[in-house]
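Numbering (numbering that gives the first Met the number 0), first residue to last: 0 to 86. Heads up: the structure comes next, in structure tokens.
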Amino acid sequence: MSSRRKLKKDIKKAFGELFADCVTLNMCHQADEKKIAELMTQTLATYTDLISRISHTEKGRERAFYHKLREEFVIAFNKISEEIIKA
Numbered sequence: 000m001s002s003r004r005k006l007k008k009d010i011k012k013a014f015g016e017l018f019a020d021c022v023t024l025n026m027c028h029q030a031d032e033k034k035i036a037e038l039m040t041q042t043l044a045t046y047t048d049l050i051s052r053i054s055h056t057e058k059g060r061e062r063a064f065y066h067k068l069r070e071e072f073v074i075a076f077n078k079i080s081e082e083i084i085k086a
């Protein structure tokens, strides 16, 4: 099982890249600014939620907790990524 530190770094890197993609699209004026702003807000909210949940682990069920958290991380990343591509 990965360490909490590595998981936090992975989440930070992934959502940082998504946020950078949003900023790039916004600067190039290739997409609707309102939609990009919503995606940026969604990216930050999801990042904050995942990091705060890592900091408060369920005692006694750590393995299942982190497995579920990693699955939710991948799903959220893919969802936001697809929305950025559509924008």
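Glycine included, C-beta positions come from ideal geometry on N, C-alpha and C. Since we're looking at a predicted model, the values are computed, not measured.
Check	Outcome
Counted within 10 angstroms of its Cβ, other Cβ atoms place Ile-74 as buried (16 or more) or exposed	exposed
Residue range of the alpha helix (DSSP H) that includes Ser-51	32 to 54
Cβ-Cβ separation, Phe-18 to Met-39 (assumed contact under 8 angstroms), whole Å	6 angstroms
Selected residue, minimal CA-CA separation from Phe-76, among Gly-15, Arg-4, Gly-59	Gly-15
Inter-residue Cα distance where the pair is Arg-4 and Ser-54	10 angstroms
Same chain only: Cβ atoms within 7 angstroms of Thr-56, ignoring 5 sequence neighbours per side	Phe-64
Cys-21 burial status per 10 Å Cβ neighbour count (16 or more: buried)	buried
Rounded distance between the beta-carbons of Tyr-46 and Ile-10, thought under 8 angstroms	7 angstroms
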